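> In UniProt numbering, the protein residues as written are 1 to 358.
Below is one structure. I have some questions about it.
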Ligand code: PMP
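Pasting the structure below:
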């Protein structure tokens, strides 16, 4: 029996994707092997990787001005790789500090360059985002980094920040969830384990004019220029992740592309936030305009009931609802693969819990 899995990541994958992977597991493309057992240099795998890239370009609308890289080391790895590839020692990197993940990206960048935090919403306890035009990026900044979706506190930008510098997005928890203006970005990177596939794969979309200036100490596997020239195969790429991303993108295409994902995600988010806002028992502190469609944190009126909520939910087949250990409360992650009826099951459970304990 499959449960309704509200994990923030690694997260649930579409059932169609898992069933297809299962059906191809022992004999992938009449090779007599699983995709995990074939050489990354084989004709069949190279074709699979290039089909995955073509699908990503089609789904996200990525032009030839950008290279698509398929690397390892997660988004955390890219927190270091970005300054190494895009800045020189002594440069200034501008950051919007909007939550726990931007904080981590800032800490990593500080090892390599000067950091200017040009907007910081810590004073609001990360319940809101900086308004467009309310901050200034210093002239000559190597780039402006932001986190379009803060996974832990559930905030999501409704716009791409404007800057006179390349804009870099850590899109780990919102990539593929709605249409995105790729051309407004210099770089988009994302760990795969929420909306794209299994962990172990990180996708980097980088404008080609930003390549060619890596620092000499950049590890070769994270040298975006070298990897772009080698089709991300300077060494063994995460082959299973690439394959599964390809299947996920097929599913996204068959489900109406990013417009289809957006319609589905909006409906799910409206259902859950609508219920929370109408209830005196549950609450969400985030400014409504900036509420995430992907991660919905919520508090119970009485935190003493948190443990009971989680365990009763689990008994009802609703798993991974405890909030991040740093903030407590609850969090329901509603990535692309979560169907509307999963969210309806959660709302029904929450109603019942409120009736019994409220
Ligand atoms: N950035 C964001 C927004 C995230 O949600 C996460 C993972 N939860 C990370 C970075 C770290 O990703 P990884 O584990 O792939 O390094």
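Beta carbons: idealized from backbone N, C-alpha and C, even for Gly.
This structure is a prediction, so every number in the text was calculated from the model and none was measured.
1) Are there 16 or more other CB atoms within 10 angstroms of the CB of residue 194, so buried, or fewer, so exposed?
2) Alpha carbon to alpha carbon, what distance is there between residue 251 and residue 17?
3) Would residue 223 be called buried (16 or more neighbouring beta carbons within 10 Å of its own) or exposed?
4) Going by DSSP, which residues form a beta bridge with residue 282?
5) Less than 6 Å between the CB of residue 142 and some heavy atom of the ligand PMP, yes or no?
6) Below 7 Å between beta carbons: does that hold for residue 241 and residue 198?
7) Can you look up residue 197 in the DSSP assignment and give me helix, strand or coil?
8) Could you check whether the Cβ of residue 172 sits closer than 6 Å to any heavy atom belonging to the ligand PMP?
9) To the nearest angstrom, report how far apart residue 6 and residue 320 are at their CA atoms.
10) What do you reckon, is the C-beta of residue 74 under 6 Å from a heavy atom of the ligand PMP?
11) Does the distance between the C-beta of residue 32 and the nearest non-hydrogen atom of the ligand PMP fall short of 6 Å?
12) Taking the beta carbon of residue 150 as the centre, do at least 16 other beta carbons fall within 10 Å, making it buried, or is it exposed?
13) Would DSSP call residue 64 helix, strand or coil?
14) Cα separation between residue 353 and residue 309?
15) Does the Cβ of residue 222 lie closer than 6 Å to at least one heavy atom of the ligand PMP?
16) When every heavy atom of the ligand PMP is checked, does at least one fall within less than 6 Å of the C-beta of residue 98?
17) Quick check on residue 111: buried or exposed, where buried means 16 or more other Cβ atoms within 10 Å of its Cβ?
18) What is the DSSP secondary structure of residue 191, counted as helix, strand or coil?
If we stick to the structure as given:
1) buried
2) 7 Å
3) buried
4) Bridge partners of residue 282: 300.
5) no
6) It is a contact, given that the beta carbons lie within the stated cut-off.
7) coil
8) yes
9) 5 Å
10) yes
11) For the ligand PMP, no non-hydrogen atom lies closer than 6 Å to the CB of residue 32.
12) The residue in question, residue 150, is buried, as its Cβ has 16 or more Cβ neighbours within 10 Å.
13) coil
14) 7 Å
15) no
16) no
17) Burial check for residue 111: the Cβ neighbour count within 10 Å stays below 16, so the residue is exposed.
18) strand
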